[in-house]
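Student:
Protein chains: 2
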Amino acid sequence: MNRYNTVEFQNTVLSGFWSERYNMIRDTTIWAVYNRFVGTGRFAAMKMDWKEGMPNRPHIFWDSDLAKWAESAAYLLRMQENHKLERVVEEFIDDIEAHQDANGYYNIYFTVVEPQARFTRRVDHELYCAGHLIEAAVAYYEATGKDRFLKLMEKYADHIERVFVIDGSASFKTCGHEEIELALYRLYRCTGIKRYLDLSRFFINARGTSKEDYYDFAGARYAQDHLPVREQTTAEGHSVRACYLYCAMADIAREDGDAELSRACDAIFNDITERKMYITGGIGSSAHGEAFMKAYDLPNLQAYAESCAAIGLIFFAHRMNLLAPNGKYGDIIEKILYNGFLSSISLDGKSFFYENPLELDPYLIGRDTSVKYGGTRMPITRRQEVFGCSCCPPNITRFISSAANYLYTTGEGILYINQYMASATSIKTDGWDASVSQQTSYPWDGDVIFNYKGQPVTLAFRIPSWCENYKITLDGKDAAYTLENGFALVKTQGDACVGLSFDMPVTFVEANPAVREDCGKCAVTRGPVVYCAEGVDNGGQLYDLKLDITSPVAVIRDEELGVMALEIGASRRRVFDALYRTVGDDSQNVNVKLIPYYAFANRSECEMMVWLRY
Amino acid sequence: MNRYNTVEFQNTVLSGFWSERYNMIRDTTIWAVYNRFVGTGRFAAMKMDWKEGMPNRPHIFWDSDLAKWAESAAYLLRMQENHKLERVVEEFIDDIEAHQDANGYYNIYFTVVEPQARFTRRVDHELYCAGHLIEAAVAYYEATGKDRFLKLMEKYADHIERVFVIDGSASFKTCGHEEIELALYRLYRCTGIKRYLDLSRFFINARGTSKEDYYDFAGARYAQDHLPVREQTTAEGHSVRACYLYCAMADIAREDGDAELSRACDAIFNDITERKMYITGGIGSSAHGEAFMKAYDLPNLQAYAESCAAIGLIFFAHRMNLLAPNGKYGDIIEKILYNGFLSSISLDGKSFFYENPLELDPYLIGRDTSVKYGGTRMPITRRQEVFGCSCCPPNITRFISSAANYLYTTGEGILYINQYMASATSIKTDGWDASVSQQTSYPWDGDVIFNYKGQPVTLAFRIPSWCENYKITLDGKDAAYTLENGFALVKTQGDACVGLSFDMPVTFVEANPAVREDCGKCAVTRGPVVYCAEGVDNGGQLYDLKLDITSPVAVIRDEELGVMALEIGASRRRVFDALYRTVGDDSQNVNVKLIPYYAFANRSECEMMVWLRY
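The listed protein sequences correspond, in order, to chains A and B. Using the numbering used here, you'd call the opening residue of the first sequence number 575 and step up by one each time. Using the numbering used here, you'd call the opening residue of the second sequence number 575 and step up by one each time.
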């Protein structure tokens, strides 16, 4: 048995901030994505009757899009009955059952488009798709207790074992896009069948050990294939692939007590969060390969910071916290949750960003005025309903529908409170029988009333890294606590009411001097929320704004966006005609309105900046 | 006869700053480029015996490379006998004579590679090459009085007239890369044959009037083909092509007194210099098509600012000044001369920049660590001896070998002093019989002693736009002068000694608030010279430097570079480990050394920045 375990989401009923997101996913987004997947022929493709020349040619990653949607549906079904939703998933499983090969193989593209090419090209996402199907099957079994889907996927996993390990008939050893590794571990945890653990370990150990074929445009580093995993110390290549691999590495490190693998995970986690992560928690700064760049190379305007990569880093941090609980993991998860992840979905829940830049300037779109193609690449300025490569939308739905996963970790006699979300949770596993609740307006203020009912326990509250001053009370009195690895440890004798009060002033943050793009600039934050300026509030040419960080900041409710906004003094230069002139001094004072980064691009197409001059 | 005329370079003997450059071209660069052109098979290609499968496949623009080299040689020969150089040019002409078609056609590529494709593809530089050959022929005739080359090129021009106008058998009307227009005008000026003027006018008037084929990746705008020339008001597309067209438009406007064409030239010149020009005088900010971008879109790190485009803008400004003398033209020429043009050649005269960025950071090269190609494009950090597309090196040699062209313009009873260069000039044309000289250490100080010997005249001295305070004396006493169009007009009664003293303090310049990249930054200038910081003097991460523009600035001679350098107070943050932290205040004071921009990248591969925070 593992020492630390997740209190899984189904034990928690959310209220407040995250229940609003959860309800939006349940009532709107899950169907919005479903309709777009129907409209683009993804669901129809499962009938396996597509022929060359027909519209909606299946793509190599369609299985994974569908699987993540089904996984999202499973999470929703786990919380609440929904016959309509369950019927769709059952039909989805019907289609798989009807068209799965006798040997267990299942893949849309490699059945209707290139059946002869099965398991011959590692760059074509075949095992990645299998992994997502396996995750969906596990989720659906855990939600409904119905094991039909799970059995189909066990059969597929058995086939994969045969092809990759027993017969060795596949043309490659590891998939160009990781996912199968963590999925097999999850299948093992659900079924207890050790062969799936072994197969996961096999794929992890094989990576970086042989020269296999890569994408034309990318090298071994792109798929984390440059070194055996235990020798890797830096985050490299495609950031989603990377994080999915790191997740599986952390799973296996924990399962096996593999210290070498743990150390690699540690080093990589630190490399990401101390050198390659935006202040929003976004990662994978390069659009060229959706990949990590060099340390401290974090361009804002052309930040890629894919939504799936943000989710991937949460998954990784979550697993690191199960290896050895530390407040820094919850800090990173929190940073991503309220910023670089949440920006990926519109406030109405219907459209999505694939990329989450830290700066937008519509003027620069088409800046290369005389070329028809090949000009400067700029991120889109408005969220879209669907993408050709639509990995992000169903990743967002499956994430939010299971967001309560990140609240609590249990250890022996200790309950780690990793996140603050208004919620009620009952913990009835692993010898635990307790119920806890949080009353809070988090992230808009830092007060949390935490009620605990159950056996005597140590409560370990994460002290957010953004918080310099805080107060903890136990049953109305100053609590005695010790600090350990970013947690404040409060011992209770059974039922307890703990009051947490995290001071949440507006804070101006600077980046390391090695981050070229942020020099002379600051990001404005309040609690876990990173703010940005938008053109719709502040006019154009935001880059000429200069914040007065000594002026008082007003914190104001914005009803339209449903957020706490900020107002702060600043100056900007008066307009003049000359292209160049001797430095003048005729700037004017202005008030700048800042809104939470995650809420940008919900009103109009306009400029946006996180890092502002000061 | 035109109202204003150039005092051509052959009338001037340079001394001081520009004679050093001139001598370097004459003694080193002309041969360095020659040797590279021999080494790359360009000269050998003129034997027309290349066959498919042989090395050094001729390129469509090789004729123009060779022609610009020959034009450079002609300018040098015009100043000074040089048998070795003359012999090379004579052999070059021998080759042309031996291989020119009976009908006058001459082009290496379209003789040995694709003879069947002559005048069928406008994007393939055929008339561009012809134009450069014509310019070289004119220059060589003017230098030596020998008309063999000129006659060959007249024959070619006659053929072009036949194919494009009389028979109309060419597949297109205007060349995708302008140059023929200004060359034909020059041929007309040299020979007096009006048909060449008509042909130049034909090409100018045809542009933008029909849908012709473009490059796959670019539209009509790329070759200034989006509108008839008289309707164009903005600078668009490939910046070298653009400037060569604008030159010819200004030539024809002046020749014909064409007010509509003049107005178009005016509007375009202002669009370039008031909205699309770097502080170095560089233009064509986009590497995507070597082209103009939107107004005020002037990225520094990825500035393209091709050397040929800088030269092209000088050519254009020079012609605008002949249309209607104005100090602003000399200002722009001066800005380019000492900055964006001069940066294109190494201090030893042996290597060249094609691109002249305003910021370099070697760390960013290969920033997309996992892709093999298709990553972020960055300019090279060191000058090279030759390029595959080697338009710049021989353009630089022909420019410097005729740089004295930009000194003086004559009008009726008025001599315009457009540039300040230590020099002696005799003016014996158009009824003029005068000799003038300048003693000055320009650009390192602003004192000029100007001696004039000749008939009574008005001397019009350009007051540099960077100069706020100046003094003018006439024969030792304060001079009476009037200001007109950027010139100070001093009347003389014959021989005169005029003392000019332009205050040349270090000046901090800001860019228009619409220039996103320069907000919060300043450029440091002294007189016409723009300065930059280099890593070799100031350590890395120049972007974190913050100049103290109130601190005294030391002006110091740097013997290694042969320049006046600056030392100025600044601060930079102390190194810290965190990726992000609350804004601190532990910067340290440092001294920053600045060198003239044109001298960057002559010592080592390192960071460089023109626009610095302050």
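Heads up, the beta-carbon is just placed ideally off N, CA and C, and yes, glycines get one too.
What number of angstroms, rounded off, separates the C-alpha of residue 815 of chain B from the C-alpha of residue 883 of chain B?
Tutor: Spanning the two alpha carbons is a distance of roughly 8 angstroms.
Student: Please confirm whether residue 1086 of chain B has its beta-carbon closer than 7 angstroms to some beta-carbon of chain A.
Tutor: With 7 angstroms as the cut-off, residue 1086 of chain B counts as an interface residue toward chain A.
Student: Note down, in chain order, each residue of its chain lying with its Cβ closer than 8 angstroms to the Cβ of residue 969 of chain A, except the 5 sequence neighbours on either side.
Tutor: Closer than 8 angstroms at the Cβ level, and outside the excluded window around residue 969 of chain A, lie 642, 881, 882 and 885.
Student: If we define contact as Cβ-Cβ less than 7 angstroms, is residue 1187 of chain A a contact residue for chain B?
Tutor: For residue 1187 of chain A, the answer is yes, since a Cβ of chain B falls inside 7 angstroms of its Cβ.
Student: To the nearest angstrom, how far is it from the Cα of residue 755 of chain A to the Cα of residue 614 of chain B?
Tutor: For residue 755 of chain A and residue 614 of chain B, the distance between alpha carbons rounds to 53 angstroms.
Student: Name the two residues that bound the continuous alpha helix (DSSP H) containing residue 890 of chain B.
Tutor: It spans 881-897 - the alpha helix (DSSP H) in which residue 890 of chain B sits, taken as one unbroken run.
Student: Determine, for residue 706 of chain A, whether the minimum Cβ-Cβ distance to residues of chain B falls below 7 angstroms.
Tutor: Closer than 7 angstroms: no.
Student: Please name the residues in the stretch 1119-1148 of chain B whose beta-carbon is closer than 9 angstroms to at least one beta-carbon of chain A, in chain order.
Tutor: Of all residues in the stretch 1119-1148 of chain B, 1119, 1120, 1123, 1146, 1147 and 1148 have a Cβ within less than 9 angstroms of some Cβ in chain A.
Student: Residue range of the alpha helix (DSSP H) that residue 843 of chain A falls in?
Tutor: Segment 833-849, the alpha helix (DSSP H) holding residue 843 of chain A.
Student: Return yes when the Cβ of residue 673 of chain B is within less than 7 angstroms of the Cβ of residue 622 of chain B, no when it is not.
Tutor: In contact: residue 622 of chain B and residue 673 of chain B (Cβ atoms closer than 7 angstroms).
Student: Would you call the stretch 1072-1087 of chain A and the stretch 1039-1050 of chain A touching, i.e. three or more CB-CB distances under 8 angstroms?
Tutor: The answer is yes - the stretch 1039-1050 of chain A touches the stretch 1072-1087 of chain A, with three or more Cβ pairs under 8 angstroms.
Student: When Cβ atoms are compared, which residues of the stretch 1069-1103 of chain A fall closer than 7 angstroms to chain B?
Tutor: Answer in chain order: 1081, 1082, 1083, 1084, 1085, 1086, 1087, 1088, 1090, 1093, 1094 and 1096.
Student: How many angstroms separate the CA atom of residue 1029 of chain B from the CA atom of residue 1011 of chain B?
Tutor: Taking the straight line from one Cα to the other gives about 15 angstroms.
Student: Which residue marks the beginning of the beta strand (DSSP E) containing residue 1163 of chain A, and which one marks its end?
Tutor: From DSSP, the beta strand (DSSP E) with residue 1163 of chain A extends over 1161-1170.
Student: Could you have a look at residue 1178 of chain B and say whether DSSP puts it in helix, strand or coil?
Tutor: DSSP places residue 1178 of chain B in coil when its eight states are reduced to three.
Student: Excluding five sequence neighbours on each side, which residues of the same chain lie with their C-beta closer than 6 angstroms to the C-beta of residue 889 of chain A?
Tutor: So the list reads 821, once near-sequence residues are dropped.
Student: What is the DSSP secondary structure of residue 958 of chain B, reduced to helix, strand or coil?
Tutor: In this structure, residue 958 of chain B counts as strand in the three-state DSSP scheme.
Student: With a threshold of 8 angstroms, are at least 3 pairs of Cβ atoms found where one atom belongs to the stretch 1085-1105 of chain B and the other to the stretch 1168-1183 of chain A?
Tutor: No contact exists between the stretch 1085-1105 of chain B and the stretch 1168-1183 of chain A.
Student: Going by DSSP, what residues sit across from residue 940 of chain B in a beta bridge?
Tutor: In the DSSP output, where bridge partners are listed per residue, residue 940 of chain B has none listed.
Student: Looking at the C-beta of residue 709 of chain A, does it have a partner C-beta in chain B at a distance below 7 angstroms?
Tutor: Answer no: the Cβ-Cβ gap between residue 709 of chain A and chain B never drops below 7 angstroms.
Student: For residue 719 of chain B, count the other beta carbons within 10 Å of its own beta carbon; 16 or more makes it buried, fewer makes it exposed. Which is it?
Tutor: Burial call: exposed.
Student: Taking the straight line between their C-alpha atoms, what separation do you get for residue 851 of chain A and residue 707 of chain A?
Tutor: Answer to the nearest angstrom: the Cα atoms are 30 angstroms apart.
Student: Quick check: what's the CA-CA separation for residue 749 of chain B versus residue 903 of chain B?
Tutor: Distance between the alpha carbons of residue 749 of chain B and residue 903 of chain B: 28 angstroms.
Student: What three-state label does DSSP hand residue 1113 of chain B in the structure shown?
Tutor: Of the three classes helix, strand and coil, the one that applies to residue 1113 of chain B here is coil, per DSSP.
Student: Is residue 1150 of chain A buried or exposed, if buried means 16 or more other CB atoms sit within 10 Å of its CB?
Tutor: Looking at its Cβ environment, which holds fewer than 16 other Cβ atoms inside 10 Å, residue 1150 of chain A is exposed.
Student: Does the beta carbon of residue 1153 of chain A sit closer than 7 angstroms to a beta carbon anywhere in chain B?
Tutor: Interface residue, yes.
Student: How many Å lie between residue 1176 of chain B and residue 891 of chain B at the Cα?
Tutor: Rounded to whole angstroms, residue 1176 of chain B to residue 891 of chain B spans 29 angstroms at the Cα level.
Student: Counting C-beta neighbours from all protein chains within 10 Å, is the total for residue 963 of chain A 16 or more, i.e. buried, or is it exposed?
Tutor: The residue is exposed, with fewer than 16 neighbouring Cβ atoms inside 10 Å.
Student: Who are the Cβ neighbours of residue 952 of chain A in its own chain at under 6 angstroms, not counting the five residues just before and after it?
Tutor: For residue 952 of chain A, where only same-chain residues beyond five positions count, the Cβ hits under 6 angstroms are 938 and 939.
Student: Give the residues from the stretch 922-952 of chain B that approach chain A closer than 9 angstroms (Cβ to any Cβ), ordered along the chain.
Tutor: Within the stretch 922-952 of chain B, the residues whose Cβ lies closer than 9 angstroms to some Cβ of chain A are 935, 937, 938, 940, 941, 942, 943, 944, 945, 946, 947, 948, 949 and 950, listed in chain order.
Student: Note down, in chain order, every chain B residue with its Cβ under 9 angstroms from the Cβ of residue 1174 of chain A.
Tutor: What residue 1174 of chain A touches in chain B: nothing, since even the nearest Cβ is about 18 angstroms away.
Student: Are there 16 or more other CB atoms within 10 angstroms of the CB of residue 1064 of chain A, so buried, or fewer, so exposed?
Tutor: So residue 1064 of chain A ends up on the buried side.
Student: For residue 1021 of chain B, which of helix, strand or coil comes out of DSSP?
Tutor: Three-state result, residue 1021 of chain B: strand.
Student: Between the alpha carbons of residue 934 of chain A and residue 869 of chain A, how many angstroms are there, rounded?
Tutor: The alpha-carbon atoms of residue 934 of chain A and residue 869 of chain A are separated by roughly 23 angstroms.
Student: May I have the straight-line CA-CA distance separating residue 650 of chain A from residue 975 of chain A, to the nearest angstrom?
Tutor: If you take the alpha carbons of residue 650 of chain A and residue 975 of chain A, they lie about 6 angstroms apart.
Student: Looking at the strands, I want to know which residues DSSP matches up with residue 1084 of chain B.
Tutor: In the DSSP output, where bridge partners are listed per residue, residue 1084 of chain B has A:1155.
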